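Have a look at the structure below, then the notes.
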Amino acid sequence: MPIISEKQNNQKQVLTLNELEKRKVVEHNSLITSIAKMDKTPLKMFELAVSCIDTEKPLEDNTVYLSKKDLFAFFKVSDNDKHSRFKEAVEKMQKQAFFKIKEKKDKGFEFENIVPIPYVKWTDYNDEVLIRFSPEIIPYLVNLKKNFTQHALSDLAELNSKYSIILYRWLSMNYNQYEHYSVKGGRRAEQVESYRNPSISIKELREMTDTINEYKLMHQFTERILKEPLEEINAHTSFNVSYEKVKKGRSIDSIVFHIEKKRMADDNSYKLDDRAYQEDKARKAETEDELVLQAINSPYTKLLMEHFLLSYLDLMDIKILAGLQKNVYPLYDELKDLRGLNGVKDHLSYVGAKQEDYSKKNICKYLKKAIEQYLPTVKRQDL
Numbered sequence: 004m005p006i007i008s009e010k011q012n013n014q015k016q017v018l019t020l021n022e023l024e025k026r027k028v029v030e031h032n033s034l035i036t037s038i039a040k041m042d043k044t045p046l047k048m049f050e051l052a053v054s055c056i057d058t059e060k061p062l063e064d065n066t067v068y069l070s071k072k073d074l075f076a077f078f079k080v081s082d083n084d085k086h087s088r089f090k091e092a093v094e095k096m097q098k099q100a101f102f103k104i105k106e107k108k109d110k111g112f113e114f115e116n117i118v119p120i121p122y123v124k125w126t127d128y129n130d131e132v133l134i135r136f137s138p139e140i141i142p143y144l145v146n147l148k149k150n151f152t153q154h155a156l157s158d159l160a161e162l163n164s165k166y167s168i169i170l171y172r173w174l175s176m177n178y179n180q181y182e183h184y185s186v187k188g189g190r191r192a193e194q195v196e197s198y199r200n201p202s203i204s205i206k207e208l209r210e211m212t213d214t215i216n217e218y219k220l221m222h223q224f225t226e227r228i229l230k231e232p233l234e235e236i237n238a239h240t241s242f243n244v245s246y247e248k249v250k251k252g253r254s255i256d257s258i259v260f261h262i263e264k265k266r267m268a269d270d271n272s273y274k275l276d277d278r279a280y281q282e283d284k285a286r287k288a289e290t291e292d293e294l295v296l297q298a299i300n301s302p303y304t305k306l307l308m309e310h311f312l313l314s315y316l317d318l319m320d321i322k323i324l325a326g327l328q329k330n331v332y333p334l335y336d337e338l339k340d341l342r343g344l345n346g347v348k349d350h351l352s353y354v355g356a357k358q359e360d361y362s363k364k365n366i367c368k369y370l371k372k373a374i375e376q377y378l379p380t381v382k383r384q385d386l
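Add 3 to a position in the sequence shown, counting from 1, and you land on the number used in this note's numbering.
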């Protein structure tokens, strides 16, 4: 029996498993950053149920319907004990599983503990499973207008660790914002890049993964919460993710992730269709053209020419101009705010005098690194 998503005029709308695998999970960001007090199976079952919600329509009785057959297929369960394991997972989800949600309000933070699925009904003589969401969780799943994240259900299917799922959802939240602001604008270039290279403190990461009192040694924490989950995420989802540890004194203070999106991969679960790919390509080309035009008209381009950091050949390279406008010139704006245009000129004079031949192979990277190293010094001096 195929998967059933919702009631409509007392008729259940039927979806095939193949269609389900194309579905998206849409959740409020507060749910993404909450503490999921549940194991991987209840968490994946919750995500599966959420994917069957049509966010544009009212959810009748807060209820969705799943097929046991296709649910087992999604979890890749085929042994004779699967029915008892399913029953155990449902009971654990209802008795133990809840989200601890922390949401910022005008006067401070608001805290909620929500059991997301208090009611599940099934029989031993047919394939249907009824799942009913709690009224308290519905605002985090339906009629979402802002601060929400969308990710592919198929990306979650192969993740076999609770920490992989939690980390994947958080990485998706950040990359969604990177894609949004890359196209729509409204953020400085460095802010946009920070969504693709998000940072999280060790304390926040421990809270989100519910490991405050677990894996006390850093090498244990790194292995279980970072290394193993990212290996799964890189192998089975649409992301390639690396990370680096940031020290404060002698201790690891935070983690910076670097997210890349796989494009046109062999896996159909996250392959972009040709139309979507072409639209995405067109948007990027349009954005690049705008960056090039801004760079040509920027006073910083003239200054770089005057200090022999750019050549006339470089002005013919759209990747160089777009890279400067997107990654370097916003940092020059910061320096200008602190020291005026003469401060930028002094910096470029120094950089030009120190320039090595190797820097010419990637002038954007060289200039970005130079200003990134200089800005903290200026800011400290101004304290």
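By construction, the Cβ of each residue, glycine as well, lies at the ideal position given by its N, Cα and C atoms.
Quick caveat, the model's predicted, so the values are computed rather than measured.
8 Å contact criterion, which residue 132 and residue 145 should meet: CB distance rounded:
Residue numbering aside, residue 132 sits at position 129 when the sequence shown is read from its first letter. Residue numbering aside, residue 145 sits at position 142 when the sequence shown is read from its first letter. About 20 Å; that fails the 8 Å criterion.
Taking the alpha carbon of residue 210 as the point to measure from, which residue in 316, 375, 100 and 36 has its own alpha carbon closest?
Start at 1 with the first residue of the sequence shown, and residue 210 comes out as number 207. Ranking the options by Cα distance to residue 210, first place goes to 36.
Please tell me whether residue 175 and residue 152 are closer than 8 Å, where the distance is taken between their beta carbons.
The sequence position of residue 175 within the sequence shown is 172, counting from 1. The sequence position of residue 152 within the sequence shown is 149, counting from 1. Yes, the Cβ-Cβ distance between residue 175 and residue 152 is below 8 Å.
Which residue comes first and which comes last in the alpha helix (DSSP H) that contains residue 123?
Counting from one through the sequence shown, the residue named residue 123 turns up at place 120. Here residue 123 belongs to no alpha helix (DSSP H); instead the beta strand (DSSP E) covers 122-125.
Looking only at DSSP bridge pairs, what is residue 152 linked to?
For the purposes of this step, residue 152 is taken as the residue at position 149 of the sequence shown. For residue 152, which the question treats as bridged, DSSP gives the partners 30.
Touch test, the stretch 39-47 against the stretch 101-110, Cβ-Cβ under 8 Å, three pairs minimum:
yes
Secondary structure of residue 264, DSSP reduced to three states
As a working mapping, residue 264 is identified with position 261 in the sequence shown. Correct three-state label for residue 264: strand.
One question on the structure: do residue 232 and residue 167 come within less than 8 Å of each other, judged by their Cβ atoms?
Translated into the one-based positions of the sequence shown, residue 232 becomes position 229. Translated into the one-based positions of the sequence shown, residue 167 becomes position 164. Going by C-beta atoms, residue 232 is nearer than 8 Å to residue 167.
Find out if the Cβ-Cβ distance for the pair residue 2, residue 147 is shorter than 8 Å.
The question about residue 2 has no answer, for the chain in this structure spans 4 to 386.
For residue 291, which residues from the same chain have a beta carbon less than 6 Å from its beta carbon, with the 5 sequence-adjacent residues on both sides left out?
Counted from its first residue, the sequence shown places residue 291 at position 288. Result list for residue 291: 325, in chain order.
Buried versus exposed, by CB contacts within 10 Å (16 or more), residue 222
Sequence index remark: in the sequence shown, residue 222 carries index 219 (1-based). Its Cβ having fewer than 16 others within 10 Å, residue 222 is exposed.
Which whole-angstrom value is the C-beta distance of residue 312 and residue 347, which I expect to be below 8 Å?
For the purposes of this step, residue 312 is taken as the residue at position 309 of the sequence shown. For the purposes of this step, residue 347 is taken as the residue at position 344 of the sequence shown. Not a contact, Cβ separation roughly 12 Å.
Starting from residue 243, follow its DSSP beta bridges and name the residues at the other end.
In the sequence shown, counting from the first residue as 1, residue 243 sits at position 240. BP columns for residue 243 point to 263.
Sorted by chain position, which residues of the same chain lie with C-beta nearer than 8 Å to residue 277's C-beta, five sequence neighbours on each side aside?
On the sequence shown, position 274 is the one that residue 277 refers to. Here the model assigns residue 277 a pLDDT of 44, short of 50, so the residue's position is not dependable, and the following value carries that caveat. Closer than 8 Å at the Cβ level, and outside the excluded window around residue 277, lies no residue.
For residue 217, which three-state DSSP category applies?
Translated into the one-based positions of the sequence shown, residue 217 becomes position 214. DSSP places residue 217 in coil when its eight states are reduced to three.
Quick check: what's the CA-CA separation for residue 230 versus residue 155?
Indexing the sequence shown from 1 puts residue 230 at position 227. Indexing the sequence shown from 1 puts residue 155 at position 152. If you take the alpha carbons of residue 230 and residue 155, they lie about 22 Å apart.
Using the Cα positions of residue 254 and residue 129, report the straight-line distance between them to the nearest angstrom.
Here residue 254 refers to the residue found at position 251 when the sequence shown is read from its first residue. Here residue 129 refers to the residue found at position 126 when the sequence shown is read from its first residue. Going from the Cα of residue 254 to the Cα of residue 129 covers about 56 Å.
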